[in-house]
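Asker: Below you'll find the structure I mean.
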Amino acid sequence: MKGDRVEIVVSADDGSLTYEIEATRAGRRVEVSNSRGVVEVAELTRTGQPVRTARFMASRVVALVEHPADEAPAEGTGRATKPAPPSLFG
165 MKGDRVEIVV
175 SADDGSLTYE
185 IEATRAGRRV
195 EVSNSRGVVE
205 VAELTRTGQP
215 VRTARFMASR
225 VVALVEHPAD
235 EAPAEGTGRA
245 TKPAPPSLFG
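Numbered continuously in my numbering, the sequence shown closes out at residue 254.
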């Protein structure tokens with residue numbers, strides 16, 4: 165779903181590096197798989213075709229955080245409604 169994203173923190177020699185993979189268009193999704201010591205994060209289309217893929221050694225991954233898209237806008241962030249202007253004719 166558009167807005168889904170996965171944040172990956174990887175251990176490096178001089179600290180840690182952070183990467184993000186996000187579903188950038190409607191109908192796309194982000195999937196995470198872990199096999200044979202490799203963590204793979206991929207943005208997929210509706211049909212399952214990979215658009216963008218990132219692979220990391222599992223021993224280097226410090227954190228993997230999935231951020232789902234908001235289903236509904238948070239309270240107070242929706243479309244603002246303005247009061248109707250006063251009538252000029254009574």
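The beta carbon of each residue, even a glycine, is placed where N, CA and C say it ideally should be.
1. Please state whether DSSP places Ala187 in a helix, a strand or coil.
2. In angstroms with no decimal places, state the Cα-to-Cα distance between Asp178 and Glu171.
3. Curious, which full-length beta strand (DSSP E) runs of at least 3 residues does the segment 194-236 contain?
4. I'd like the list of long-range same chain contacts for Glu186, defined as Cβ closer than 6 Å, with 5 residues on each side in sequence excluded.
5. Taking the DSSP output, what are the residues bridged to Arg169?
Answerer: This is what the structure holds:
1. coil
2. Cα to Cα, the separation comes out at about 19 Å.
3. 202-208, 214-221 and 225-231
4. Arg169
5. Glu186 and His231
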